[in-house]
Amino acid sequence: MKNNLNNMMGLDLYLSSLNEEEYNNATANITPSAHQNINIKSWGIQDLFNDDTLFEDIKKIQTLTNDFNWENNINLILKNNTYESLVITNTDKKILWVNGGFKKMTGYEPTFAIGKSPTFLQGEKTTQVSRDRIRKKLLKNKPFKEVIVNYKKDKSTYSCELKIFPLYTNNETTHFLALEKEVG
30 MKNNLNNMMG
40 LDLYLSSLNE
50 EEYNNATANI
60 TPSAHQNINI
70 KSWGIQDLFN
80 DDTLFEDIKK
90 IQTLTNDFNW
100 ENNINLILKN
110 NTYESLVITN
120 TDKKILWVNG
130 GFKKMTGYEP
140 TFAIGKSPTF
150 LQGEKTTQVS
160 RDRIRKKLLK
170 NKPFKEVIVN
180 YKKDKSTYSC
190 ELKIFPLYTN
200 NETTHFLALE
210 KEVG
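Numbering (this note's numbering), first residue to last: 30 to 213.
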């Protein structure tokens, strides 16, 4: 049973990364069998999938990957890291996209964040030292982790762990992917 569940979850992740034509071709020959139907909600497994938005996130990121020709293995980045929120910025540090987890974590609608710098989440308790460290690490174009004090829409503070990955095309950084989660 465990192997069947792992295989189905792996297949789901793979299928969710395909474009519509590839998905239709791949699923044309798949027929579910009655003994493989599993109610994952009864096991609480759905909580691992960020309220059923994981697949939506993967599809959107795959679309952006195709649009910008990113060479990173983003699926591996997502698989190997935990996060509540995903944020993609351009090299001018303007937000291009956030996932639904961003609203849950910050209280801000994704449409509000688009086009803004993530610094709109900072405030009085955000130290200049942490801002400077992030700025210097971004300039190195290498993945890094940092914790910063941010502010939610309701003005409450939270410690935000950032794992930032440069996204590149032809070995040149074009965007950044931030995996964020509330810590401490």
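Beta carbons are placed, not taken as given, at the ideal position from N, Cα and C, and that holds for glycine.
At the level of alpha carbons, what is the spacing between residue i and residue j?
i: S185; j: L191; result: 18 Å
i: D121; j: R164; result: 12 Å
i: K174; j: I193; result: 6 Å
i: M134; j: N110; result: 17 Å
i: K166; j: L206; result: 14 Å
i: T92; j: P172; result: 22 Å
i: T94; j: H204; result: 10 Å
i: G152; j: Y137; result: 15 Å
i: F84; j: E51; result: 16 Å
i: S114; j: C189; result: 10 Å
i: N102; j: N199; result: 14 Å
i: T155; j: F141; result: 21 Å
i: N170; j: I143; result: 22 Å
i: D76; j: L105; result: Any answer about D76 is weak, because its pLDDT of 45 lies below 50 and its placement is not dependable; what the coordinates show is given next. Between D76 and L105, the C-alpha separation is close to 20 Å.
i: S159; j: K182; result: 21 Å
i: G130; j: G213; result: 18 Å
i: R162; j: L168; result: 10 Å
i: Y112; j: N98; result: 24 Å
For residue i and residue j, which I take to be in contact (beta-carbon distance under 8 Å), what is that distance rounded to the nearest angstrom?
i: T202; j: L208; result: Not confirmed; about 17 Å, so no contact.
i: P147; j: V178; result: Actually they do not touch by this definition, with Cβ atoms about 13 Å apart.
i: Y187; j: E211; result: 5 Å
i: T118; j: L107; result: In fact, because the Cβ distance is near 17 Å, the residues do not count as touching under 8 Å.
i: P139; j: K132; result: 6 Å
i: N128; j: D96; result: In fact, because the Cβ distance is near 17 Å, the residues do not count as touching under 8 Å.
Going by DSSP, which residues form a beta bridge with residue i?
i: A207; result: V116, I193
i: T202; result: Y197
i: K179; result: Looking at the sequence shown, residue 179 is not Lys but Asn. Looking at the DSSP assignment, N179 forms a beta bridge with Y187.
i: K174; result: K192
Can you tell me which of the three DSSP states residue i falls into?
i: K123; result: coil
i: E138; result: coil
i: H64; result: Because the pLDDT at H64 is just 39, under 50, the model does not fix this residue reliably, and the point stays unresolved.
i: W72; result: In this prediction, W72 scores a pLDDT of 39, lower than 50, which makes its location untrustworthy; the coordinate-derived value is nonetheless stated afterwards. Correct three-state label for W72: helix.
How far does the beta strand (DSSP E) with residue i in it reach, from first residue to last?
i: E153; result: Unbroken run through E153: none, as it is neither H nor E.
If you follow the alpha helix (DSSP H) that residue i is part of, which residue opens it and which one closes it?
i: I103; result: 103-108
i: S159; result: 157-168
i: E85; result: 83-97
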